[in-house]
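Chains A, B, C and D are the protein sequences, given in the same order. Heads up: the first sequence is residues 1 to 220, going by my numbering. Heads up: the second sequence is residues 1001 to 1220, going by my numbering. Heads up: the third sequence is residues 2001 to 2215, going by my numbering. Heads up: the fourth sequence is residues 3001 to 3215, going by my numbering. Beta carbons: idealized from backbone N, C-alpha and C, even for Gly. Notes follow once the structure below has been shown.
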Amino acid sequence: MDKNETKNYIAKRVAKELRDGDLVNLGIGLPTLVGNFLPKGIKINLQSENGLIGLGPAPDDKTYDKDITNAGGQPVTLLDGGMYFDSTLSFSIIRGGHVDITVLGCLQVDSTGSLASWIIPGKMVPGMGGAMDLVTGAKKVIIATTHTNRGNPKILKNCTLPLTAKNQVNMIITEMGVMEVRNDGLHLLEYNPEYTIDQIIEATDATLIINNPKKVEVED
Amino acid sequence: MDKNETKNYIAKRVAKELRDGDLVNLGIGLPTLVGNFLPKGIKINLQSENGLIGLGPAPDDKTYDKDITNAGGQPVTLLDGGMYFDSTLSFSIIRGGHVDITVLGCLQVDSTGSLASWIIPGKMVPGMGGAMDLVTGAKKVIIATTHTNRGNPKILKNCTLPLTAKNQVNMIITEMGVMEVRNDGLHLLEYNPEYTIDQIIEATDATLIINNPKKVEVED
Amino acid sequence: MEKIIKLTDLKNHLFDGMSIMVGGFMAVGTPEILIDEIVRLNIKDITIICNDAGFVDLGVGKLIVAGQVKKLIASHIGLNPVAGRLMGEGIMECELIPQGTLAEQIRAGGAGLGGLLTPTGLGTIVEEGKEIITVDGQDFILELPIRADLALLYGTTVDKYGNTNFTKTTRNFNPVMATATDKVIVLAREMVDRIDPDNVVTPHIFVDYIVKEEE
Amino acid sequence: MEKIIKLTDLKNHLFDGMSIMVGGFMAVGTPEILIDEIVRLNIKDITIICNDAGFVDLGVGKLIVAGQVKKLIASHIGLNPVAGRLMGEGIMECELIPQGTLAEQIRAGGAGLGGLLTPTGLGTIVEEGKEIITVDGQDFILELPIRADLALLYGTTVDKYGNTNFTKTTRNFNPVMATATDKVIVLAREMVDRIDPDNVVTPHIFVDYIVKEEE
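Next up, the structure:
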């Protein structure tokens, strides 16, 4: 798989976690792709924390409106039934547990469900934006990420960078497989048959609990 | 003065405390009358804590709308420029210090600016409604009340009934005069020349600090 | 998902001992026919969270008069003498809360906050049994979130998605209650095709079911 | 009271060392020409409270690039590399706050609350130096109110009273900031005769002055 194929593969598998009617917040980058691969018959509501529900596709020349952007500042559109609101209601929705699923990227994620995604001290300090609230408030937190970063594991026993949230991640989905954070550790539930289990273990710093994992199934 | 004249006298004197552009919340009963006696050229904004600013007069048959009521549940109207909002914004306005003046009645009020107005244990327990927030949040709290209740003082050294708020009242206006709560006690700033100073002292349980009080001036 | 249900379906969402938030201020903005249905079904031991006790024949007052309310959480009960009597006789538990604090507690319940610090009620019996927290030398009462099993709201205009608006002073506690319960049922005065996305007060994601006032 | 002022009157409300809340999210909903005027006037040592650092040539980013900002309080600075550099070099103080916490702190500042309890940031550096309060066995961070001297907002439609609405995603932090400062100035994209009283977002009592975008 090339880079784009990898991203789409991950996004397709994440999309299978969505249920009809879910309120979903997708982070910038890879997570945004999830919206392209919704299972048939499934309608979800996409929230953007800058103040809308009913996020539609990027506009064309005709539908472009500079007053409608997503949390990344990019122009978007609003679907029928969607609406706008201010930042306090937006985060009441997020912190209050009204978001069913949030999908985010990471710098690091670990076997206790802790996440690091907003700062590399001395190097990159973009800020946490809405990520800390999303990870704390959403009913289900899915990290969608490449399994490694330039060959270095991103899935660690314990995050070493400053955290975005402690013990809040529920699921990690990569091009290698699907992992779930449980009380006893990180379970490999599904694996991509393009990789051997040994390769996955090798690419993972965290200890994986492996108990008859299934093969990942996504449509081409 | 008969009962109505007394009430109007008090309301007229309270009205002189209002400044152009003030946001004002008037309690049910006597305080409501204040709106009838605004000084010339003064426009104020009346708030009702159930969710509006721009309270107008009671409706006639033509303007009656069952969806527009004040905090007493009575039908009212909305003036040009007025608007509706929900209870959280209503009390952000009140608690947040955005109300310039609130005028309320009382069961008891005392020389420390404490107020009792919401419960007579075992007898009458209407509840505090929005009064505690109003008295705590408004920039200036004026108690508009008859000086006594069936001959018994309402202006006490210390309230004996459960409090609505502690040390929040700024001014007490009765048919006998105008009193201000200061750090050193209750000052009689103005008196109604229909009464002697001795009569006022006699009708007041609290100690009055009296230092050349002026005569109350209200228009007939 | 189809959100519109019949009034008679309301029973599927009710149970003895449940807690219900009811929108409205002195019964302005209260979904009366939903209340009537609960009276008819004789659901028992309800905890009601509402701005006030309504009147004996209007709003949550009807549930109180019918003896169905175990506990009332409200800011004011003065216009329903039966509420005062039942409270005085110890038949109905009644927790009186300053109106602004009640609004904030419900908001906290819906917004995932663990509580809020308010100056309202300091030095009064409202502070009894509560934690006092000092910030920069100033005291505040720590008030905790309130949530309930169900919210019953009265929407003026509702679209098919469940977006809901409340006209004039019927708004009051309705929008905040929509955020703070496990389930939200709106009585719709009028169903409309569309609400301007800039003017939606309660987004559809908060609304689980809609009952049309005129079926 | 006449609320409409000229852009050149803005200087009467500015001073070195002041704190300013600026509406907008990545410069969407930011009153650009008010920012330009502050750059022109070269007001110094400003504390800016804004969702983010804008861009080098948009939003509060322009003030940062001009070296006028002593301290920035924001949730995100990633799209303005100058902000990151000035922060890294210790030239500009920067307090990064989770976006939802920032919104709540400003709300608390406007609503007279002494603070709020949030789970956001627990177990991260966000909790450092803050009081942790346990409610029913669950930990929360006590976050304190934020206020400022001035708010600069971008209203889409404004009536002569100062009632203000914000269209689409330009709304963001604008309405809450209107509540939490000593003075509020709105840049009006369009003056209108009337806003439906059911649809007013920011009531006129919060708005002190209005600058028309097209004079």
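Query: For C/Thr2204, which residues in chain A fall below 7 Å Cβ to Cβ?; Result: Note on identity: in this sequence residue 2204 of chain C is His, with Thr being the wrong assignment. By Cβ distance, chain A contributes Gly81.
Query: What are the uninterrupted segments assigned as alpha helix (DSSP H) that are 4 or more residues long and contained completely in the region 137-218 of chain A, given in chain order?; Result: 197-202
Query: For B/Ala1015, which residues of its own chain have a beta-carbon under 6 Å away from its beta-carbon, when the five flanking residues on both sides are left out?; Result: Val1034, Phe1037 and Leu1038
Query: By Cβ distance, which residues of its chain are closer than 6 Å to C/Asp2045, with the 5 residues on each side in sequence left out?; Result: Asp2016, Gly2017 and Lys2070
Query: Just the C-alpha distance for B/Arg1150 and C/Pro2081, rounded to the nearest angstrom, thanks.; Result: 24 Å
Query: By how many angstroms is the C-alpha of B/Thr1146 removed from the C-alpha of C/Gly2088?; Result: 29 Å
Query: Going by CA-CA distance only, name the one from A/Leu104, A/Thr160 and A/Thr174 that's closest to A/Asp110.; Result: A/Thr160
Query: So, helix, strand or coil for C/Ala2188, using DSSP?; Result: strand
Query: Verify the CB distance criterion: does C/Leu2116 have a CB-CB separation below 8 Å to chain D?; Result: yes
Query: Spatial neighbours of B/Gly1185 within its chain, please: CB distance less than 7 Å, with the 5 preceding and 5 following residues excluded, ordered by chain position.; Result: Ser1111, Thr1207 and Ile1209
Query: Is the shortest distance between the beta-carbon of D/Pro3098 and the beta-carbons of chain C less than 8 Å?; Result: no
Query: By DSSP, does B/Ser1092 sit in helix, in strand, or in coil?; Result: helix
Query: Can you name the start and end residues of the alpha helix (DSSP H) that B/Ala1011 belongs to?; Result: Lys1003 to Ala1015
Query: Just curious, the beta strand (DSSP E) that A/Leu55 is in, first and last residue?; Result: Leu52 to Gly56
Query: For chain D, is any of its Cβ atoms less than 8 Å away from the one on A/Gly177?; Result: no
Query: A/Glu49 versus chain D: which residues are under 7 Å apart at the beta carbon?; Result: Gln3099
Query: Could you name the residues that DSSP lists as bridge partners for A/Tyr84?; Result: A/Leu52
Query: Starting from A/Asn92, find everything on chain C with Cβ-Cβ shorter than 8 Å and list it in chain order.; Result: Note on residue identity: the sequence assigns Ser, not Asn, to residue 92 of chain A. Result: Arg2107, Gly2110, Ala2111, Gly2112 and Thr2179.
Query: I need the straight-line Cα distance from B/Ile1142 to B/Gly1105, nearest angstrom please.; Result: 9 Å
Query: Among residues of its own chain, excluding the 5 on either side of D/Val3192, which ones have a beta-carbon nearer than 8 Å to its beta-carbon?; Result: Thr3157, Val3158 and Asp3159
Query: Could you list which residues in chain C have their beta carbon closer than 7 Å to that of D/Leu3144, in chain order?; Result: Val2135
Query: Which bits of chain C does D/Asp2966 rub up against, with CB to CB less than 9 Å?; Result: As displayed, chain D neither begins before 3001 nor continues past 3215, which places residue 2966 of chain D out of reach and without an answer.
Query: Quick check: is the beta carbon of A/Ile53 nearer than 8 Å to any beta carbon in chain C?; Result: yes
Query: At least one CB of chain A closer than 8 Å to the CB of C/Asp2159: is that the case?; Result: yes
Query: Considering D/Val3065, what are the terminal residues of the beta strand (DSSP E) in which it resides?; Result: Element bounds for D/Val3065: not the beta strand (DSSP E) but the alpha helix (DSSP H), Gly3061 to Val3065.
Query: What do you reckon, are the CB atoms on A/Thr32 and A/Leu23 nearer than 8 Å?; Result: no
Query: By DSSP, does D/Pro3149 sit in helix, in strand, or in coil?; Result: The displayed chain sequence assigns Asp, not Pro, to residue 3149 of chain D. If DSSP states are grouped into helix, strand and coil, D/Asp3149 belongs with the strands.
Query: Is C/His2013 near the ligand SAH, going by C-beta to nearest heavy atom under 7 Å?; Result: Ligands are entirely absent from the displayed structure, and the ligand SAH is therefore not among its contents.
Query: Can you check whether the CB of B/Gly1129 is closer than 8 Å to the CB of C/Gln2138?; Result: no
Query: Rounded to a whole number of angstroms, what is the C-alpha to C-alpha distance between B/Leu958 and C/Thr2120?; Result: Past the boundaries of the shown model lies residue 958 of chain B; chain B is included only from 1001 to 1220, so the question cannot be answered.
Query: If we define contact as Cβ-Cβ less than 8 Å, is B/Ser1111 a contact residue for chain C?; Result: no
Query: Name the chain A residues whose beta carbon is nearer than 7 Å to that of D/Ala3103?; Result: Ser87, Thr88 and Phe91
Query: Beta-carbon within less than 8 Å of B/Val1273's beta-carbon, same chain only, minus the 5 sequence neighbours each way: which residues are those?; Result: Outside the shown range of chain B, which is 1001 to 1220, sits residue 1273 of chain B, and nothing can be said about it.
Query: According to DSSP, is B/Ile1068 helix, strand or coil?; Result: coil
Query: Relative to the C-alpha of D/Asn3163, which residue among B/Ile1028, B/Tyr1084 and B/Lys1043 is closest?; Result: B/Tyr1084
Query: Residues of chain A with CB under 9 Å from D/Ala3074, in chain order?; Result: Gly127
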